[in-house]
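J.: Taken in order, these protein sequences are the chains called U and Z.
When you read off a place in the first sequence, starting at 1, and then add 1, the result is the number in the numbering used here.
When you read off a place in the second sequence, starting at 1, and then add 1, the result is the number in the numbering used here.
2 protein chains.
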Amino acid sequence: MRTPDELTERFRSTGRKVTAQRQCIFRVLQGDVTHPSAESVHALARSEMETISLKTVYQTLHDLAELGEIAALDVGTGMTRFDPNVDDPHHHLVCRNCGRVRDLVATFPDLQIPEGADLGFEVGSAEIVFRGLCPECLPTSSDRRTPSPVGP
Amino acid sequence: MRTPDELTERFRSTGRKVTAQRQCIFRVLQGDVTHPSAESVHALARSEMETISLKTVYQTLHDLAELGEIAALDVGTGMTRFDPNVDDPHHHLVCRNCGRVRDLVATFPDLQIPEGADLGFEVGSAEIVFRGLCPECLPTSSDRRTPSPVGP
DNA sequence: ACGGTATCTACAACGATTGTTGAAAAACAA
DNA sequence: TTGTTTTTCAACAATCGTTGTAGATACCGT
Numbered sequence: 002m003r004t005p006d007e008l009t010e011r012f013r014s015t016g017r018k019v020t021a022q023r024q025c026i027f028r029v030l031q032g033d034v035t036h037p038s039a040e041s042v043h044a045l046a047r048s049e050m051e052t053i054s055l056k057t058v059y060q061t062l063h064d065l066a067e068l069g070e071i072a073a074l075d076v077g078t079g080m081t082r083f084d085p086n087v088d089d090p091h092h093h094l095v096c097r098n099c100g101r102v103r104d105l106v107a108t109f110p111d112l113q114i115p116e117g118a119d120l121g122f123e124v125g126s127a128e129i130v131f132r133g134l135c136p137e138c139l140p141t142s143s144d145r146r147t148p149s150p151v152g153p
Numbered sequence: 002m003r004t005p006d007e008l009t010e011r012f013r014s015t016g017r018k019v020t021a022q023r024q025c026i027f028r029v030l031q032g033d034v035t036h037p038s039a040e041s042v043h044a045l046a047r048s049e050m051e052t053i054s055l056k057t058v059y060q061t062l063h064d065l066a067e068l069g070e071i072a073a074l075d076v077g078t079g080m081t082r083f084d085p086n087v088d089d090p091h092h093h094l095v096c097r098n099c100g101r102v103r104d105l106v107a108t109f110p111d112l113q114i115p116e117g118a119d120l121g122f123e124v125g126s127a128e129i130v131f132r133g134l135c136p137e138c139l140p141t142s143s144d145r146r147t148p149s150p151v152g153p
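(1) Going along the chain, which unbroken runs of the beta strand (DSSP E) with 3 or more residues stay wholly within the stretch 11 to 74 of chain U?
(2) When you compare only the Cα positions, how much space is there between D84/Z and T9/U?
(3) From the DSSP secondary-structure annotation, give me the bridge partner or partners of I129/U.
(4) Would you mind working out which of V124/U, I71/U and G77/U sits nearest D88/U, comparing C-alpha positions?
(5) Step through the CB atoms of chain U and report whether any lies within less than 7 Å of the CB of V130/Z.
(6) Could you tell me whether the stretch 87 to 101 of chain Z touches the stretch 39 to 51 of chain Z, using the rule of 3 or more Cβ pairs below 8 Å?
(7) On the DSSP letters alone, give me the boundaries of the beta strand (DSSP E) that H93/Z sits inside.
(8) Might you give, ordered along the chain, the residues of its own chain that have their beta carbon closer than 6 Å to the beta carbon of I129/U, omitting 5 neighbours on each side?
(9) If you reduce the DSSP assignment to three classes, tell me which class E123/Z lands in.
(10) In chain Z, which residues lie with their C-beta within 8 Å of the C-beta of R103/U?
(11) Please report how far the alpha carbon of L105/U lies from the alpha carbon of L94/U, in whole angstroms.
(12) Return the chain-ordered list of same chain residues with a C-beta closer than 8 Å to the C-beta of N98/U, the five sequence neighbours on each side being excluded.
(13) Apart from the five residues on each side of it in sequence, which residues of its chain come closer than 8 Å, Cβ to Cβ, to R82/U?
(14) Give me, in chain order, the residues of the same chain whose beta-carbon lies closer than 8 Å to that of Q31/Z; leave out the 5 immediate sequence neighbours on both sides.
(15) Can F109/U and V124/Z be called in contact, C-beta distance under 7 Å?
(16) Where does D84/Z sit, in a helix, a strand or coil, going by DSSP?
(17) Using a beta-carbon distance below 7 Å, is V126/U in contact with chain Z?
(18) In angstroms, rounded to a whole number, what distance separates the CA positions of E49/U and Q22/U?
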């Protein structure tokens, strides 16, 4: 995602108007690595702007997604999560316990689909969700298990 | 997923009662490769049993998932999809256009997370969603493009 | 067949998201 | 600056997928 100033420019040049609410949302998203839900963004924005509505947040998030400035993710936590990092190719780590989402910046060159297994699909991209426990949800100290290879 | 008869047995032995509605759902799911939503299962069941309710379908699907007989998937199509294939390890192909979901039976042994990239997560499993166009949604005949390697 | 108990249907409620509306504020020109 | 046009705002209600509640019904061990 670009800086708030660049986004302001981009909104103007694509015929969108720039409001205080939108700039507030730009600021909130800037550098956020938690993949917030719309509700979370709303809560953060509200701490700066008392009256901003949830609808406005949704609207602006959709605008940003449409411009490719953020990505809307569905990783099975019940809410759409928004990811301001659209520059590095990456996948996602999702905590089974608390739903935390983090970027896993890595590419996996060996994701070739075996001949004939694609059922006639023309595949354009692949998203990997790694599920496990985040540092905060791991059992503390003593009984930490050793990392295990990831299954299918 | 097991056969309807085996499921009947399994439901009884786990203290669940077996009703005509449930057996109808067992039958509907048997051999289904379309990863139906609850609504779809309901529609199919209804063609056999006029009065079966959507709630009953949800309940039975959850029971089956709890027993590990089917898997509940969220692949970003807005509804939970149910997969009776829990025996072969596999991933999923999702059509960007129509939302069709198919199994891709393959394992990817090279999904090791690079040292230090896991941000302290203890990763237990990985799910890959391949996105593209299904055969039905591909542009017809003439301008078919050649398969491209899948990106990140 | 009987009775205890789980399950059924219908209906209302829920959380996340989207549509609608009159009011307010941004962009642009004079 | 001021006026004019057009977009966006906030509040509210509605929608979608899903789950909770209730009384009626059906399963299944005896």
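Cβ coordinates follow ideal geometry from the N, Cα and C atoms, glycine included.
T.: Checking against the coordinates, here is how it stands:
(1) Within the stretch 11 to 74 of chain U, complete beta strand (DSSP E) segments of at least 3 residues are found at 72 to 74, given in chain order.
(2) Using only the alpha carbons, I get a separation of about 44 Å.
(3) By DSSP's assignment, I129/U forms a beta bridge with I129/Z.
(4) D88/U has its Cα closest to that of I71/U, out of V124/U, I71/U and G77/U.
(5) Against chain U, the CB of V130/Z has a partner CB under 7 Å away; the residue lies at that interface.
(6) They do not touch, by the three-pair rule.
(7) Where H93/Z is concerned, the enclosing beta strand (DSSP E) stretches over H92 to C96.
(8) Correct list, in chain order: H92.
(9) In this structure, E123/Z counts as strand in the three-state DSSP scheme.
(10) Ordered by position in chain Z, the residues that pass the 8 Å Cβ test against R103/U are L120 and F122.
(11) Between L105/U and L94/U, the C-alpha separation is close to 6 Å.
(12) The residues L134, C135 and C138, in chain order, have a CB closer than 8 Å to that of N98/U in the same chain once the five nearest residues on each side in sequence are set aside.
(13) H36, P37, S38, A73, L74, D75, V76 and V102, listed in sequence order.
(14) Sequence-distant Cβ neighbours of Q31/Z in its own chain, meaning closer than 8 Å and more than five residues away, are M2, T4, P5 and P85.
(15) A distance of 7 Å or more separates the beta carbons of F109/U and V124/Z.
(16) The three-state reading of DSSP puts D84/Z in strand, counting E and B together.
(17) The question names Val, but residue 126/U in the sequence shown is Ser. It does: the Cβ of S126/U has a partner Cβ on chain Z nearer than 7 Å.
(18) When rounded, the distance between both Cα atoms is 10 Å.
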